[in-house]
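Numbering (the working numbering), first residue to last: 150 to 325.
Okay, here's the thing in structure tokens:
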């Protein structure tokens, strides 16, 4: 990518936070999945190194029935631990008749990603007033308001050219 995300993507690749697909491409404008988010965040905070080796003792995720042995398996147990608190998505799994799950291949929304980032880095003390100036402020879910507000206030999250946060939209790999 040669646009606004070039430097951040180069940093992420250099530090094994982000890797490409088997076709040698990063696919930066693809929507990010929960597995990709968990992997990026886990590597970024140093819980797992770039060679998929745990730096700290993994969490017990036996309650998550959908954690098959996938490419993300070395990273996900760390994402469930404190301070990341990357939790399973019970609503998604209920639709597939599973009681609990991580919903690894589900696309992650912007507000979900902001909430995970806010939890991981202790940015939870925001409020709806921090993002009230955005046209779609009312679309931010109540559970996400503290983290979204804190990230907006700190300048980490910005709206689009139409002054929208797009909290229910999926987040792309380059945005993440």
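For glycine and all other residues, C-beta sits at the position ideal for the given N, C-alpha and C.
Beta-carbon gap between residue i and residue j smaller than 8 angstroms
{"i": "residue 272", "j": "residue 189", "result": "no"}
{"i": "residue 274", "j": "residue 308", "result": "no"}
{"i": "residue 257", "j": "residue 322", "result": "no"}
{"i": "residue 314", "j": "residue 280", "result": "yes"}
{"i": "residue 154", "j": "residue 319", "result": "no"}
Boundaries (first-last residue) of the alpha helix (DSSP H) holding residue i
{"i": "residue 185", "result": "183-193"}
{"i": "residue 288", "result": "First-last for residue 288: undefined, no H or E at that position."}
{"i": "residue 266", "result": "259-269"}
{"i": "residue 309", "result": "Careful: residue 309 lies outside any alpha helix (DSSP H) and carries neither H nor E."}
{"i": "residue 164", "result": "Unbroken run through residue 164: none, as it is neither H nor E."}
{"i": "residue 302", "result": "294-303"}
Residue i - partner residues in DSSP beta bridges
{"i": "residue 180", "result": "321"}
Same chain, Cβ closer than 8 angstroms to residue i, five either side skipped, listed in chain order
{"i": "residue 297", "result": "260, 263, 264, 267, 275, 279, 280, 289, 306, 314 and 316"}
{"i": "residue 285", "result": "313, 314, 315 and 316"}
{"i": "residue 292", "result": "264"}
{"i": "residue 299", "result": "267, 272, 273, 274, 275 and 279"}
{"i": "residue 303", "result": "272"}
{"i": "residue 277", "result": "286, 289, 294 and 298"}
{"i": "residue 160", "result": "166"}
Spatial neighbours of residue i in its chain, beta-carbon cut-off 7 angstroms, leaving aside the 5 residues before and after
{"i": "residue 158", "result": "150, 167, 175, 177 and 323"}
{"i": "residue 283", "result": "308, 312, 313 and 314"}
{"i": "residue 169", "result": "175"}
{"i": "residue 186", "result": "257, 262, 265 and 325"}
{"i": "residue 301", "result": "275, 279 and 280"}
Beta carbon proximity, residue i to chain D, threshold 8 angstroms
{"i": "residue 319", "result": "This model lacks chain D altogether, as it is built from one protein chain only."}
Cβ shell of residue i (< 6 angstroms), same chain only, five flanking positions each side left out
{"i": "residue 245", "result": "Residue confidence for residue 245 is low, a pLDDT of 34 falling below 50, so the modelled location carries little weight and cannot support an answer."}
{"i": "residue 241", "result": "Model confidence at residue 241 stands at a pLDDT of 37, short of 50, so the residue's coordinates are unreliable; what they give is reported in the following sentence. Excluding positions up to five away in sequence, the list reads 252 and 255."}
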